[in-house]
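In this note's numbering, the protein residues as written are 27 to 427.
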């Protein structure tokens with residue numbers, strides 16, 4: 027027990043010793059305030075309550091997500107407001123330099139948010155994924171500044187890696203039309219890839235003009251994206267990347283004469299960065315078209331790399347007659363996951379739990395919006411009688427032909 031308390035005490039002491047880290051703790055708490063504003067509407071609250079078998083969208087590793095549902099919309103709203111209050115308290119604690127209390131408040135906030143997200147696969151998204159990685163690095167790993175600097179640059183590089191496709195470069199994957207078009211839009215979309223893969227390294231450079239040029243590009247990029255992706259993502263990312271500005275405002279930061287910020291030396295930090303990159307590279311290495319996958323993309327970034335279209339059909343055999351339903355399924359909020367196999371497998375799994383004797387067949391065909399033909403992603407016969415957990419069906423029966 028002494029080792030555990032000592033470990034957490036070291037984390038708190040490292041934060042106390044750097045004013046940039048103290049204020050970054052406040053920024054991470056503000057992320058939760060923005061999360062409240064994003065979730066505090068009827069569409070999201072409806073997903074916090076038990077909606078009945080067949081309509082739940084569970085994560086593959088948590089198929090019993092209805093078990094943590096709220097009993098009513100009122101109780102879900104109360105929990106959300108309690109979450110908001112805790113986020114405000116955490117922000118104030120860090121701003122008033124009550125670091126130990128702020129540190130533990132942020133840990134509770136992260137746990138609460140993870141529990142909320144576990145309730146539905148509908149809550150997946152980069153706006154939760156990246157702040158979670160940053161929070162884990164901030165709360166649990168030594169050499170926090172350098173770890174965060176390299177981790178956040180990795181976010182941008184990972185995002186750029188999955189944008190090397192015609193869907194992105196043509197603008198087809200954008201949520202809404204951009205205020206610019208034609209050649210200028212094409213150049214801008216190519217620039218995004220160049221920035222995420224190359225120019226973002228300026229955030230690690232110890233030359234003021236290059237560093238601030240990269241910072242300006244980051245904030246300009248997120249400000250421009252506002253009219254395409256909405257307010258939540260740019261606000262969350264502004265908080266997440268604020269560590270660069272907070273640190274750069276300290277004169278001591280520029281005394282190091284190295285051109286690049288030194289790579290983190292702590293073994294834990296190196297392991298964290300290695301795991302992050304493993305999560306990004308495995309889907310690319312194991313799938314010919316990772317944009318239409320669900321299972322393999324769960325641990326990775328889910329950017330606007332593609333807009334998918336799909337035909338999904340549920341067949342049911344009743345007394346030697348087959349009934350087809352192509353409009354049964356609930357849909358997700360996100361463009362990237364509207365054809366995600368996990369969305370449909372989860373709902374079929376819930377139906378099978380309700381009546382294990384049903385004979386249900388699931389067919390899913392998907393394509394990128396710029397493709398000519400659909401790919402058979404899933405074709406599962408007699409889904410309720412599979413020997414494996416149905417939510418992992420992609421591992422056993424993914425087609426991609």
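Every residue, glycine too, gets a C-beta built ideally from N, C-alpha and C.
The model shown is predicted, which means the values in this text are computed figures rather than measured ones.
Once you ignore the five residues that flank residue 201 on each side, which residues in its own chain have a CB closer than 7 Å to its CB? 254, 255, 330, 361
Could you give the DSSP three-state label for residue 391: helix, strand or coil? strand
Same chain, Cβ closer than 7 Å to residue 287, five either side skipped, listed in chain order: 172, 175, 230, 232
Run through the segment 89-135 for me and flag every whole alpha helix (DSSP H) of 4 or more residues, listed as ranges in chain order. 99-121
Mapping the DSSP letters down to three states, classify residue 363 as helix, strand or coil. coil
When you compare only the Cα positions, how much space is there between residue 117 and residue 396? 44 Å
How would you label residue 420, buried or exposed, when you count the other beta carbons within 10 angstroms and need 16 or more for buried? buried
In three-state terms, what does DSSP make of residue 305? helix
State buried or exposed for residue 20, treating a residue as buried only when at least 16 other CB atoms are found within 10 Å of its CB. Nothing can be reported for residue 20, as the shown portion of the chain is limited to 27 through 427.
Which runs of the alpha helix (DSSP H), 4 residues or longer, sit entirely within the segment 216-286? 234-255, 258-266, 268-274
Is residue 69 near the ligand COA, going by C-beta to nearest heavy atom under 8 Å? In the structure on display, the ligand COA does not appear, and there are no ligands present to speak of.
What's the call for residue 56, buried or exposed, on a 16-neighbour Cβ count within 10 Å? buried
Output the distance between the C-alpha atoms of residue 51 and residue 190, rounded to the nearest integer angstrom. 34 Å
Considering only C-alpha positions, which residue in the set 313, 292, 324, 291 is nearest to residue 305? 324
Cβ-Cβ separation, residue 199 to residue 303 (assumed contact under 8 Å), whole Å: Going by Cβ atoms, the distance from residue 303 to residue 199 rounds to 23 Å, so no, they are not a contact pair.
With DSSP collapsed to three states, give me the class of residue 82. coil
Start and end residues, alpha helix (DSSP H) containing residue 41: 28-42
For the segment 152-166 and the segment 96-107, state whether three or more C-beta atom pairs, one from each stretch, are separated by less than 8 Å. no
What does DSSP give as the partner residues of residue 386 in its beta bridges? 342
Proximal residues to residue 106 (C-beta, below 7 Å), its chain only, five neighbours per side dropped: 62, 65, 66
In this structure, how does DSSP classify residue 45 when only helix, strand and coil are distinguished? helix
Are the CB atoms of residue 164 and residue 41 within a distance shorter than 9 Å? yes
Is it buried or exposed for residue 278, if we count other Cβ within 10 angstroms and need 16 for buried? exposed
Mind reading off the beta-carbon distance from residue 143 to residue 38? Whole number of angstroms is fine, and I expect it under 8 Å. No, residue 143 and residue 38 are not in contact; Cβ-Cβ is about 26 Å, not under 8 Å.
Classify residue 93 as buried or exposed, calling it buried when 16 or more other Cβ atoms lie within 10 Å of its own Cβ. exposed
For residue 75 versus residue 272, is the C-beta distance shorter than 9 Å? no
Under the assumption that residue 246 contacts residue 260 (Cβ atoms under 8 Å), give the Cβ distance between them as a whole number of angstroms. No, residue 246 and residue 260 are not in contact; Cβ-Cβ is about 11 Å, not under 8 Å.
Pop quiz: residue 119 and residue 58 are said to be a contact at Cβ under 8 Å. What is the actual Cβ separation, rounded to whole angstroms? Incorrect: roughly 13 Å between the Cβ atoms, too far for contact.
Assigned secondary structure, residue 406 (DSSP; H/G/I helix, E/B strand, else coil): strand
Over the uninterrupted alpha helix (DSSP H) stretch that includes residue 146, give me the two end residues. It is not in any alpha helix (DSSP H) - residue 146 carries neither H nor E in the DSSP assignment.
Sheet register partners of residue 401 (DSSP bridge): 392
Looking only at its chain, what residues have a beta carbon closer than 8 Å to the beta carbon of residue 193, apart from the 5 residues adjacent to it on each side? 199, 317, 331, 332, 333, 394, 395, 396
Using CA coordinates, which residue listed in 138, 414, 299, 226 is at the minimum distance from residue 375? 414
Look at the Cβ atom of residue 299, then the Cβ atom of residue 309, and state whether they are nearer than 9 Å. no
Is residue 269 near residue 53, with beta carbons less than 9 Å apart? yes
Let me know if residue 148 comes out buried or exposed under the rule of 16 or more other beta-carbons within 10 Å of its beta-carbon. buried
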